[in-house]
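Below: the structure, in structure tokens.
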Amino acid sequence: MWKDILEKFDKYPSQQKIIRKMLELGLKVDEDKKIYCKDVEINISSLAKSVDTDRRVVTSTIENILKDDILKNIFTNIYPSGALLTNLSDTLGLGVIEIEGEANKPGILSKVTELLAYEKISIRQAYASDPEIDLTPHLTIITDKPVNGDLIQLLLKIEGVSKVSLY
1 MWKDILEKFD
11 KYPSQQKIIR
21 KMLELGLKVD
31 EDKKIYCKDV
41 EINISSLAKS
51 VDTDRRVVTS
61 TIENILKDDI
71 LKNIFTNIYP
81 SGALLTNLSD
91 TLGLGVIEIE
101 GEANKPGILS
111 KVTELLAYEK
121 ISIRQAYASD
131 PEIDLTPHLT
141 IITDKPVNGD
151 LIQLLLKIEG
161 VSKVSLY
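Below, the structure written as structure tokens:
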């Protein structure tokens, strides 16, 4: 689906960068031609600068979104997923498991949660990046406590998992 959205901007690579950033951050467009993260208005110049382009490109992107019924429906209803605790794990005494593998392989998350439950480890957050947006999709799981390194070998036995990192 995201590929179809990005293809609409094939002729406009700078606008495609804006679209990618909006999808990555869950930024929405409103009828007032402004961009928001939840209810916080995002400065158009700051968004442009974040992808090394001009604010006029952001304005054009917004106009193109609002002209297309499908894009309008998506970008007026998108919602950010919230704060990911990965970078705070040490401070908060949490564990982080990062898993890479075949993004289209069903059951990876299920098997990981089953294994963690068996080890009596609770999950605080689970985040899977979208393989159509992220060039190296991965599954990040934040646990209520740091995870023992012995778990790596068990996680690597899950079909579709190619790499496991613990933090």
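Residues 1 to 167 in UniProt numbering are what the sequence shown lists, from first letter to last. For each residue, glycine too, the CB sits at the ideal point set by N, CA and C.
Every unbroken beta strand (DSSP E) within the segment 40 to 80, with a cutoff of 3 residues, ordered by chain:
Secondary structure within the segment 40 to 80: the beta strand (DSSP E) runs of 3 or more consecutive residues, fully enclosed, are 40 to 42 (chain order).
**Asked** Is it buried or exposed for K38, if we count other Cβ within 10 angstroms and need 16 for buried?
**Response** For the purposes of this step, residue 38 is identified with residue 38 of the sequence shown, where counting begins at 1. By the neighbour-count rule (16 or more Cβ atoms within 10 Å), K38 is not buried but exposed.
Taking the alpha carbon of L27 as the reference point, which residue from S14, P13, I42 and K33 has its own alpha carbon closest? Here residue 27 refers to the residue found at position 27 of the sequence shown. For L27, the nearest C-alpha among the options comes from I42.
**Report entry** Of the listed residues L166, T113, S89 and S162, nearest to I123 (C-alpha basis)
**Finding:** Looking up residue 123 in the sequence shown gives position 123. Of the candidates L166, T113, S89 and S162, the one whose C-alpha sits nearest the C-alpha of I123 is T113.
Going by DSSP in three states, V164 sits in which element: helix, strand or coil?
Along the sequence shown, one-based indexing puts residue 164 at 164. Under the three-state reduction of DSSP output, V164 falls in the strand class.
Task: Cα-Cα separation between K163 and L85, rounded to whole angstroms - done: Walking along the sequence shown from the start, residue 163 turns up at place 163. Walking along the sequence shown from the start, residue 85 turns up at place 85. So the alpha carbons of these two residues sit roughly 21 Å apart.
Requested in this report: Would you be able to state if there are at least three C-beta pairs under 8 Å between the segment 126 to 144 and the segment 96 to 103?
Outcome: Contact between the segment 96 to 103 and the segment 126 to 144 is present, because at least three Cβ pairs lie under 8 Å.
Exercise for review: Taking 8 Å as the threshold, find out whether the segment 93 to 100 comes into contact with the segment 142 to 161 through three or more Cβ pairs.
Suggested key: Enough Cβ pairs lie closer than 8 Å, so yes.
Nearest to K111 by alpha carbon, out of L154, S81, D150 and D134? By one-based count along the sequence shown, residue 111 stands at place 111. Of the candidates L154, S81, D150 and D134, L154 places its Cα closest to the Cα of K111.
*Residues that E24 bridges to, as DSSP identifies them*: In the sequence shown, counting from the first residue as 1, residue 24 sits at position 24. Partner(s): none; E24 has no beta bridge.
Q) If you drop the 5 nearest sequence neighbours on each side, which residues of the same chain put their C-beta closer than 6 Å to that of I78? A) Counting from 1 along the sequence shown, the entry for residue 78 is found at position 78. G26 and K28.
- Nearest-angstrom beta carbon gap, I5 and I74 [assumed within contact, 8 Å]: Within the sequence shown, numbered from 1, the residue matching residue 74 stands at position 74. Within the sequence shown, numbered from 1, the residue matching residue 5 stands at position 5. Between I74 and I5, the beta carbon gap of about 7 Å places them in contact (Cβ cut-off 8 Å).
Beta strand (DSSP E) segment containing I142, residue limits:
Mapped onto the sequence shown, residue 142 falls at position 142. Per DSSP, I142 belongs to the beta strand (DSSP E) from H138 to T143.
- Find out if the Cβ-Cβ distance for the pair A48, V57 is shorter than 8 Å. As a first step, residue 48 must be located in the sequence shown, where it is residue number 48. As a first step, residue 57 must be located in the sequence shown, where it is residue number 57. Yes, the Cβ-Cβ distance between A48 and V57 is below 8 Å.
Worksheet entry | CB of L151 within 8 Å of CB of A128, strictly | As a working note, residue 151 is residue 151 in the sequence shown. As a working note, residue 128 is residue 128 in the sequence shown. No, these two residues do not count as a Cβ contact at 8 Å.
Anyone know if the C-beta pair for K3 and S50 falls short of 8 Å?
For the purposes of this step, residue 3 is identified with residue 3 of the sequence shown, where counting begins at 1. For the purposes of this step, residue 50 is identified with residue 50 of the sequence shown, where counting begins at 1. It is not a contact, given that the beta carbons lie outside the stated cut-off.
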